[in-house]
Amino acid sequence: MSAGDRPVQNSGDLDTPEEIAEMVRRFYQDVAQDDLLGPVFNDVAQVDWPEHLPKLTAFWCR
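Using the numbering used here, the final residue of the sequence shown is 70, and nothing's skipped along the way.
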């Protein structure tokens with residue numbers, strides 16, 4: 009089982025930047041693979057995920 013396949017353990021708040029980064033990564037991984045939302049982000053907006061995820065994480069860590 010890889011780190012991305014492990015069940016999410018909900019212990020409450022996101023307390024660290026690492027926890028926020030993991031939440032952002034998992035959320036947008038699901039978005040990118042979603043039948044409805046994926047094409048909007050991947051094809052229309054052509055999001056560069058490796059470039060964009062750190063920006064999203066930094067925003068939520070403020």
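All C-beta atoms, glycine included, are put in the ideal place defined by N, C-alpha and C.
- For the pair Trp57 and Ile28, the CB atoms are not nearer than the 8 Å cut-off.
- Here DSSP, grouped into helix, strand and coil, assigns Thr24 to coil.
- Shown here, Asp51 sits in a helix according to DSSP, grouped into three states.
- Take the alpha-carbon of Asn50 and the one of Arg34: they are about 16 Å apart.
- Within the same chain, Ile28, Met31 come within 7 Å of Leu22 by CB-CB distance, once the 5 residues on both sides are set aside.
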